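Numbering (the working numbering), first residue to last: 3 to 339.
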């Protein structure tokens with residue numbers, strides 16, 4: 003290995019990422035260096051690229067990305083549970099404080115002091131990435147572009163379903179049937195739940211059908227939404243828009259659970275009288291924990307999840323971010339190195 007690597011670097015928010023050759027990082031104590039085979043492109047990357055989500059202190063170099071899969075090529079001091087040549091993944095969480103109530107109770111994804119790849123530390127839009135050995139994912143065999151989106155999209159979908167406490171025999175309405183939503187449709191079906199897929203894109207609704215959804219609904223069709231009023235035990239929103247709020251309120255049953263899984267900064271109206279009468283639980287989810295990642299990787303090993311992945315080169319990553327921002331992405335974009 004020489005001392006540099008190719009990376010897509012964020013200079014100005016909203017501007018095209020610059021393809022640069024930058025120093026290849028070295029793993030410090032407790033860290034591993036991963037030579038990346040692939041990196042997914044996530045909608046959270048769009049928020050960071052556009053500047054709506056900004057770190058207190060940007061990393062240097064500022065490299066986005068948090069869905070990396072590759073091979074361990076170097077170990078930092080004190081790392082004993084990884085070996086050179088192991089398959090590894092770098093997900094959203096780089097590390098957490100380890101001391102707060104959330105970390106100590108097994109809910110580390112809600113740690114308010116966690117650091118994230120592509121936000122607080124350099125991410126995976128590069129040929130190499132440093133990961134904390136404690137938080138790196140143990141990735142099964144398989145094509146890297148198919149596995150990389152699991153590091154965030156797949157994990158977030160599983161985290162949302164776990165957060166909802168979805169049970170066999172219940173009905174789960176999935177709002178926003180892009181990459182995350184398609185994982186959720188499959189995982190909910192594997193829990194034994196009936197699935198209603200809700201989106202405005204006919205192609206995404208067709209894909210949801212092929213992934214196991216019993217019903218599909220055009221989110222903009224008020225009559226179709228009204229026909230399914232109070233039919234869902236669980237509503238999970240993966241669409242980065244407040245437009246899903248009204249149909250979610252329509253579909254949720256009394257004492258149902260509504261889960262926010264997308265980053266939506268715009269406020270939505272909430273009538274507390276309705277809340278007291280319905281007993282609906284409203285909560286959010288944030289990616290997932292190491293235990294959930296291990297469970298997801300086990301699931302992938304036993305029964306791989308289907309995904310619509312469009313492979314791109316590192317030079318195309320800004321175009322991919324733009325397509326995600328406009329809502330025209332065909333599924334998941336993934337950089338192959």
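Note that the Cβ used here is the ideal one computed from N, Cα and C, for glycine as well.
Quick caveat, the model's predicted, so the values are computed rather than measured.
Query: Under 8 Å by Cβ, that's how I've got residue 126 and residue 92 pegged, so tell me the actual separation to the nearest angstrom.; Result: 6 Å
Query: Should residue 305 be labelled buried (16 or more other beta-carbon atoms within 10 Å of its own) or exposed?; Result: exposed
Query: Just to confirm, is the Cβ distance from residue 128 to residue 7 under 7 Å?; Result: yes
Query: If the criterion is Cβ atoms closer than 7 Å, does the pair residue 201 and residue 173 meet it?; Result: no
Query: Looking only at DSSP bridge pairs, what is residue 119 linked to?; Result: 123
Query: Per the contact definition of three or more C-beta pairs closer than 8 Å, is the region 256-265 in contact with the region 279-299?; Result: yes
Query: Among the candidates 19, 318, 240 and 182, whose CA atom is the shortest distance from the CA of residue 334?; Result: 182
Query: Taking the straight line between their C-alpha atoms, what separation do you get for residue 34 and residue 123?; Result: 14 Å
Query: Nearest to residue 63 by CA position, among 158, 89 and 20, is which residue?; Result: 20
Query: For the alpha helix (DSSP H) that residue 249 lies in, which residues bound it at each end?; Result: 247-253
Query: Quick check on the DSSP output: the alpha helix (DSSP H) that includes residue 17 runs from which residue to which?; Result: Premise fails: residue 17 is in no alpha helix (DSSP H) and is neither H nor E.
Query: For residue 83, does the three-state DSSP call read helix, strand or coil?; Result: coil
Query: Are the beta-carbon atoms of residue 237 and residue 175 separated by less than 7 Å?; Result: yes
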